[in-house]
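The sequence shown runs 47 to 462 under my numbering.
Each residue gets a CB set at the ideal place from its N, CA and C atoms; glycine is no exception.
Treat the numbers as computed from the prediction; the structure is a model and nothing was measured.
Structure first, then comments.
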Amino acid sequence: MLSSIKPSSSSFSTAISGSVRRSIPTTLNFSPLPIIKNCHNQSFHSNVVSHQKPLHISSASNFKREVKVEAYEADRSRPLDINIELPDEQSAQKLKIGIYFATWWALNVVFNIYNKKVLNAFPYPWLTSTLSLACGSLMMLVSWAIRIADAPKTDLEFWKTLFPCTFEHETDLEICLPCVLIDVPVFFLFFKVAVAHTIGHVAATVSMSKVAVSFTHIIKSGEPAFSVLVSRFFMGETFPLPVYLSLLPIIGGCALAAITELNFNITGFMGAMISNLAFVFRNIFSKKGMKGKSVSGMNYYACLSMMSLVILTPFAIAVEGPQMWAAGWQNAVSQVGPNFVWWVVAQSVFYHLYNQVSYMSLDQISPLTFSIGNTMKRISVIVASIIIFHTPIQPVNALGAAIAIFGTFLYSQAKQ
């Protein structure tokens, strides 16, 4: 709203102050602005209003019968704060997401290659999984210490969302793992992020130690089917019909790939299936853990890795043990040579990096875009592993893989 004061030929100026009053000549003819009563009895600032400059109404708020108006002179105008994303900014954001995706896929391919090389020479998936988590935890601790990355501002409640205890106790520091194992409904309802991540990670590594990388990822492409089933029967969520229909090619493709796999192994197959189920629970409870928390995706995954390392280490020692590790390590070094140590380091480092980038990507994009990117990532891993390891594959097996992956794409579109 624009209002102007039209004086006569006589010029004037008025200084307005809460404590000073100056009279205005009565001979002046002008159309004054409406007189507004200040109900709050607040004093005006000592600003000088000259007749040569129009007054601009900057803001007005109406509260019941009170009208508050603020005015400023033309040379004291205030800029409007309007957030408009320019084309250059949009292009930069798309480029940033593209770099995230390309880095994510490349790191995942490299990890899977070195992970399979390590497992072929050193078939101890529990230790391999532990080393991956330990390396990632160490990398993040160093990053926080030297301030490459900002340390997360967490509290006890945040860590409790990662730890497998959800019942009320007498003290906040009291933690009991057996309380979630009382019955099946409670177990599935309060299955926490760190435990789910640990099981999913170990199960996938066990699968890769028994079968080809391509077969593990073909079975893992069936994760959306587990997601829908768990959300429907345990969380009470419902989905539109196209979502359920998209599960048919996923399940059918995985089944076709499994029955036509030349080097089928039941342990490898079940490991991939268990990994799917565990990661579904991880994703579900991860959303609850992130809700209301101002922790970045990178730091959230770092905290998750540290908690998973604490959970996994005693189980790895109990299942395999130092004696088996020592004998297997000597055998691997004698067969492969010093490069084996580099393989172990590489698979541990790249495991953390690809997961870190994936969580960073999730901060920048929608879940739908992330799901599509995850599907494309799986395709790149399958193709790269077949080429590098010369994995024999039948046409029917390839058809099953293609159907399953296509079903995953349909699922991501139907859930939009």
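- Per DSSP, reduced to three states, the secondary structure at residue 412 is coil, with no helix or strand assignment.
- Setting aside the 5 residues that flank it on each side, residue 153 is surrounded in the same chain by 396, 399, 400, 403, each with a C-beta closer than 8 angstroms to its C-beta; the list follows chain order.
- Apart from sequence neighbours up to five positions away, the residues of its chain that approach residue 243 with a beta-carbon distance below 7 angstroms are 328, 350, 354, ordered along the chain.
- Cβ-Cβ distances below 8 angstroms link residue 421 to 267, 451, 454, 455, 458 in the same chain, with the five nearest sequence neighbours on each side left out; the list follows chain order.
- A Cβ-Cβ contact shorter than 7 angstroms links residue 246 with residue 321.
- Per DSSP, reduced to three states, the secondary structure at residue 170 is coil, with no helix or strand assignment.
- Cβ neighbours of residue 258 within its own chain (closer than 6 angstroms, five residues either side excluded): 437.
- By the 16-neighbour rule on beta-carbons within 10 angstroms, residue 140 is exposed.
- Within the region 350–385, the complete alpha helix (DSSP H) runs of at least 4 residues fall at 368–382.
- Taking a cut-off of 8 angstroms on C-beta distances, the region 248–255 does not touch the region 296–305, as fewer than three cross pairs fall below it.
- Between the beta-carbon of residue 374 and that of residue 160 there is about 17 angstroms, and that puts the pair past the 8 angstroms contact cut.
- Apart from the 5 residues on each side of it in sequence, residue 311 sits with its Cβ closer than 6 angstroms to the Cβ of 256, 257 in its chain, given in chain order.
- When the beta-carbon positions are compared, residue 326 and residue 276 come within less than 7 angstroms of each other.
- Just so you know, the alpha carbons of residue 278 and residue 371 end up roughly 42 angstroms apart.
- The beta carbons of residue 448 and residue 172 sit about 33 angstroms from each other, so the pair does not count as a contact at 8 angstroms.
- When DSSP states are grouped into helix, strand and coil, residue 402 belongs to the helix group.
- In this structure, the beta-carbon distance from residue 406 to residue 352 does not fall below 7 angstroms.
- Residue 261 holds the alpha-carbon nearest to the alpha-carbon of residue 439 among 317, 318, 261.
- A Cβ-Cβ distance of about 7 angstroms is found for the pair residue 248 and residue 358, placing them in contact under the 8 angstroms criterion.
- The Cβ-Cβ distance between residue 426 and residue 155 falls below 7 angstroms.
- In the same chain as residue 163, and ignoring 5 residues on each side of it, the C-beta atoms closer than 7 angstroms to its own belong to 389, in chain order.
- Between residue 461 and residue 286, the alpha-carbon positions lie close to 8 angstroms from each other.
- Residues of the same chain with a CB within less than 6 angstroms of the CB of residue 273, apart from the 5 flanking positions on each side, are 326 in chain order.
- Distances from the CA of residue 315 to each of 435, 264, 196, 365 were compared; the closest alpha carbon is that of 264.
- In this structure, residue 168 sits away from residue 364, with a CB-CB distance that is not shorter than 7 angstroms.
- Around the Cβ of residue 412, a 10 Å sphere holds fewer than 16 other Cβ atoms; the residue is exposed.
- The closest CA to that of residue 408, considering only 346, 318, 445, is found on 346.
- Nearest neighbour of residue 424 by Cα position, chosen from 151, 137, 393, 176, turns out to be 151.
- Rounded to whole angstroms, the separation of the alpha carbons of residue 157 and residue 188 is 21 angstroms.
- In chain order, 274, 457, 460, 461 place their CB closer than 7 angstroms to the CB of residue 289, counting only its own chain and leaving out the 5 sequence neighbours on each side.
- In this structure, the straight-line span from the alpha carbon of residue 415 to that of residue 393 is close to 27 angstroms.
- With fewer than 16 other beta carbons inside 10 angstroms of its own, residue 308 counts as exposed.
- The beta carbons of residue 271 and residue 293 sit closer together than 7 angstroms.
- In the three-state scheme derived from DSSP, where H, G and I count as helix and E and B as strand, residue 142 is classed as helix.
- Judged by their CB atoms, residue 143 and residue 410 are nearer to each other than the 7 angstroms cut-off.
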